[in-house]
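Anchor point for the sequence shown: position 194 equals 194 in UniProt numbering, and the numbering is continuous, going up by one each time.
Glycine included, each C-beta is placed from N, C-alpha and C at the ideal position.
Computed from a prediction, not measured in an experiment: that's the story for all the values here.
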Amino acid sequence: MSSSSATGLSACSGALMGLTIIAVGLRFVARKQQRVPYLADDWMALAALICYIGATISTLAVVSIKGLGYSSQSLTPAEAAAIAKPSEQLQVAMDYTQTASIAFIKLSALFFYRRVLCVSGISNWFDIATKISIAIIILWLVVFEFLAGFQCGTHLDALWDGTYLQYCTISFPWLYGLTVSDVLLDVWILALPIPLVVRLHTTRAKRFSILGIFLLAFVGLGAGIARMAILIESEQGGPTYYQTHDPELITTTYEFYTMLENGMSLVAVNLPSLWQICTSVIPKKVAGSFRSMVSLLSMRNSHVAGRATKMDSDDLTARSSASAASSERSAPVKDSLKLRNDVEAHTCKIDTLHGPKNTQDNQEMENMSKNVVYVQDTFELSHH
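Set out below in structure tokens:
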């Protein structure tokens with residue numbers, strides 16, 4: 001069983017269809033257990049599953065009529081002519097469903113990022129980046145679905161009536177652009193959450209485990225790179241490439257990796273939502289950590305100016321209060337000192353008038369002066 005055989009293509013498509021049904025089903029079960037609503041990421045995963053089932057049915061049908069998985073030399077000219085139209089029609093159906101499935105998987109991953117990492121009402125670079133990415137994916141889907149049906153212009157019969165080379169001039173550029181852009185979009189979506197995870201204030205091991213949860217969504221990236229390598233090899237080989245390679249087997253290998261990428265990515269994009277079944281580190285807790293971090297970062301700038309203004313106002317009020325209190329404390333002291341100086345001056349005046357002979361009067365004035373000093377000290381202590 002190989003990637004270019006009918007058995008390999010059928011086994012890959014059938015097995016992955018079963019796994020994707022289980023994965024998406026468990027995703028909805030997990031949402032019910034978590035008691036959280038079904039959001040856009042869940043519905044995108046369901047849409048991707050429907051498209052993948054359609055692609056699998058088309059693949060098995062085209063294999064059953066020997067349109068894929070068989071060498072071109074294994075069919076007689078009569079057999080090849082008999083299966084040409086149904087085979088090409090089924091392969092166009094495969095193109096539609098495979099492209100839609102890939103797009104819905106990407107949208108499911110982006111909406112899951114928004115469910116976990118974006119805070120309602122707060123706009124930051126990640127919120128804007130995910131919105132732009134969603135718009136790009138939708139536009140990408142519309143463009144390549146349109147080109148899938150009009151790769152031969154308005155001559156749709158050219159795919160099977162023998163005029164393929166005359167009218168289907170954009171078939172290879174369309175397929176090449178689809179494959180390369182698919183890989184580039186996968187890399188972009190994978191890189192989006194990395195800056196947020198790196199900024200988490202936690203241990204390195206936990207950061208890697210959280211990052212691993214998000215990176216699980218695109219395990220199928222390797223299969224996308226493999227099918228891109230097939231197209232690059234065939235393009236660089238030139239016209240002589242198909243003289244040494246069977247075109248039917250090359251197409252079978254390409255479809256094998258396309259179904260492998262779709263199936264593995266669809267299974268993997270559901271794994272973060274199923275994390276509650278496997279470990280206690282559930283996406284809900286991760287979402288709480290990210291949302292707390294984003295909320296704190298967004299509120300910090302808005303509160304800094306307010307706090308600074310409040311601190312300046314409080315500091316000014318405190319200084320004014322201290323100045324007023326100091327004035328109140330110094331006022332009685334000044335009054336008592338003035339009283340004492342007046343008494344002492346009066347005493348000196350009496351001494352000058354009566355001289356040292358009036359001993360009794362001097363003693364009375366000295367006692368009065370001592371009483372004033374005592375009153376002053378007591379008054380000062382009471383205010384301290």
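DSSP places Pro247 within a helical segment (H, G or I) once states are collapsed to three. Distance from the CA of Ala135 to the CA of Leu110, rounded to the nearest whole angstrom, comes to 11 Å.
Contact between the region 185-197 and the region 142-160 is not established, with fewer than three Cβ pairs separated by less than 8 Å.
One alpha carbon belongs to Val36, the other to Ser273, and they sit about 11 Å apart.
In the DSSP assignment, Arg227 falls within the alpha helix (DSSP H) that extends over 221-237. As the crow flies, the alpha-carbon of Thr154 is around 35 Å from that of Gly222. In the structure shown, the three-state DSSP call for Gly14 is helix. Annotation: the continuous alpha helix (DSSP H) that includes Val197 extends over 194-198. DSSP places Ala158 outside any alpha helix (DSSP H), giving it a letter other than H or E.
In the structure shown, Val63 falls within a helical segment according to DSSP collapsed to helix, strand and coil. Contact annotation, Ala93 with Ser58: C-beta distance approximately 5 Å; criterion of less than 8 Å satisfied.
Distances from the CA of Ile128 to each of Leu192, Tyr167, Tyr257 were compared; the closest alpha carbon is that of Leu192. A distance below 7 Å between beta-carbons, with the five flanking residues on each side excluded, links Tyr113 to the following residues of its chain, in chain order: Thr130, Leu192, Pro193. Non-local C-beta neighbours of Ser108 in its own chain, meaning closer than 7 Å and more than five positions away in sequence, comprise Asp41, Met44, Ala45, Ala48, Val269, ordered along the chain. Within the model, the alpha-carbon separation for Ile210 versus Ser64 is close to 44 Å.
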